[in-house]
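Residue numbers (our numbering): 5 to 322. Glycine included, each C-beta is placed from N, C-alpha and C at the ideal position. These notes concern the structure reproduced below.
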Amino acid sequence: MGFRARHLLGIESLAPDEIVTLLDLAETYVDLNRRPDKHGTALVGLTQINMFFEASTRTQASFELAGKRLGADVMNMGVAQSSVKKGETLIDTAMTLNAMHPDLLVVRHPNSGAVALLAQKVTCAVLNAGDGRHEHPTQALLDALTIRRAKGRLHRLTVAICGDIAHSRVARSNLLLLHKMESRVRLVGPATLMPPGIADLGVEVCEDMREGLRDADVVMMLRLQKERMDGGFIPSEREYYHRYGLDAEKLSYAKPDAIVMHPGPMNRGVEIDGLLADDINRSVIQEQVEMGVAVRMAAMDLLARNLRAARAPETVLV
Ligand code: NCD
């Protein structure tokens, strides 16, 4: 099996063959999820705990459904409102949970690196559901599955990622994945929303939206992540929409069959025109949500196989 990871902490540590293995398995779960009986058995007997230290709708629902469809006992810890922060308390929380013998721990945390820290303290498999502005690996994997299904491949595509790149873990994980799969990434947005030193990563950076979208196969829009901004990064939302909001006119610079993506939650009229977001001929936003469940089923299935193999008593050869 081409998947060796013990945890899913980021795209950075995955090899291209591990990504392909996961996406291929996810395809089988897309089929399962479309059947009237959606039950698999890959996680039967295992306990999955979801700990979301930050608000979430689709990611949390998707991980919960994925675990339940594969037969795990799933528990959601309501920590979003708590004041727990990285450091002693996070480690204490991890140790407390570890004592309950979970097998899969799904964690979202506002601090970059917090999930990796927690993974060092527990004996189960840890999945990063988004840590600060660092990584959101299952989002990049579900985006990759959506792109592969729409375009038939992941290599030699031009993908424009547009908007608030600086605060986005989605942009970072997608950039890493698309590079590994040999696609070309263009980052589009105002200079104030570009992370410093980004050009060193070997990506094209465009301040002009029309130029950035030219001949793109995929247009990926991002939300302005105001909760991670500590001041004014744009003159006004109206001005932002005028320059960077995706509408039919700006999209006309991309390839005629370019697809439109958005990880959600969307701010209609800020980064994307509402009618375009709903246009099923261009937008694959709902398909992204569907792929999210299948990708999380595949990720937990593969990690559970590795966990079981690591725990199995060694075979004695006589
Ligand atoms: C993203 C996130 O939380 O990073 N949302 C998601 O998981 N679908 C993007 C965002 O919050 O804008």
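Option in the options with minimal Cα separation from residue i
i, options, result
"Arg218", "Pro239, Leu205, Glu253, Pro199", "Glu253"
"Asp283", "Met301, Met295, Val297, Ala262", "Ala262"
"Val299", "Ala129, Arg176, Ala144, Ser187", "Ala144"
"Thr61", "Arg10, Pro267, Gly167, Glu31", "Pro267"
"Met224", "Thr32, Leu280, Ile202, Thr196", "Leu280"
"Leu27", "Arg214, Leu149, Arg8", "Leu149"
"Gly249", "Asp234, Asp277, Met233", "Asp277"
"Glu22", "Leu307, Ala313, Leu311", "Leu307"
"Ala118", "Ile165, Asp107, Phe56, Met81", "Phe56"
"Glu275", "Leu50, Pro317, Lys230, Leu131", "Lys230"
"Leu121", "Gly6, Leu13, Ile289", "Leu13"
"Met301", "Thr162, Lys42, Arg312, Glu16", "Lys42"
"Asp251", "Gly236, Val288, Met213, Met233", "Met213"
"Phe237", "Ala154, Leu74, Ala170, Glu16", "Ala170"
"Met304", "Ala154, Leu226, Ala30", "Ala30"
"Leu182", "Asp168, Arg160, Pro194", "Arg160"
"Arg227", "Asn310, Gly167, Ile95, Arg112", "Gly167"
"Ala195", "Glu291, Thr63, Ala203", "Ala203"
"Met198", "Ala76, Asp221, Arg173, Glu186", "Arg173"
"Gln290", "Val264, Asp96, Leu311", "Val264"
"Met233", "Glu186, Gly136, Ala316", "Gly136"
"Arg8", "Arg315, Ala129, Asn310", "Asn310"
"Asn132", "Thr51, Lys155, Ala70, Thr63", "Thr63"
"Thr25", "Ile95, Ser17, Gly6, Val34", "Gly6"
"Asp77", "Asp107, Ala59, Val83", "Asp107"
"Met81", "Gly156, Ile53, Thr93", "Ile53"
"Arg188", "Glu208, Arg176, Val34", "Glu208"
"Cys210", "Asn115, Ser66, Arg247", "Arg247"
Buried versus exposed call for residue i [16 or more other C-beta atoms within 10 Å across all chains shown]
i, result
"Asn178", "buried"
"Ser240", "exposed"
"Glu68", "buried"
"Pro200", "exposed"
"Val192", "buried"
"Gly206", "exposed"
"Glu243", "exposed"
"Ser256", "exposed"
"Val48", "exposed"
"His105", "exposed"
"Thr162", "buried"
"Glu139", "buried"
"Met295", "buried"
"Met99", "exposed"
"His11", "buried"
"Pro269", "exposed"
"Ala164", "buried"
"Pro141", "buried"
"Ala313", "exposed"
"Thr127", "exposed"
"Ala19", "exposed"
"Ser124", "Correcting the residue type first, residue 124 is Gln in the shown sequence and not Ser. Gln124 is exposed by the Cβ-count criterion."
"Ala70", "buried"
"Thr45", "exposed"
"Thr97", "buried"
"Arg176", "buried"
Beta-bridge partners of residue i, as assigned by DSSP
i, result
"Phe56", "Arg112"
"Thr51", "Asp77"
"Cys166", "Val192, Met225"
"Asp147", "For Asp147, which the question treats as bridged, DSSP gives no partner whatsoever."
"Val264", "Val223, Ser287"
"Ile276", "Leu250, Arg272"
"Ala129", "Leu108"
"Val119", "Val119 pairs with nothing; no bridge assigned."
"Leu12", "Leu131"
"Glu139", "Asp135"
Residue i: first and last residue of the uninterrupted beta strand (DSSP E) it sits in
i, result
"Leu158", "No beta strand (DSSP E) contains Leu158, which DSSP labels as neither H nor E."
"Val209", "208-210"
Endpoints, alpha helix (DSSP H) assigned at residue i
i, result
"Asn178", "173-184"
"Val393", "Because the chain is modelled from 5 through 322, residue 393 falls outside the range shown and cannot be assessed."
"Ala30", "20-37"
"Glu215", "213-217"
Residues proximal to the ligand COA by C-beta, any heavy atom closer than 7 angstroms: Of the ligands this structure carries, namely the ligand NCD, none is the ligand COA.
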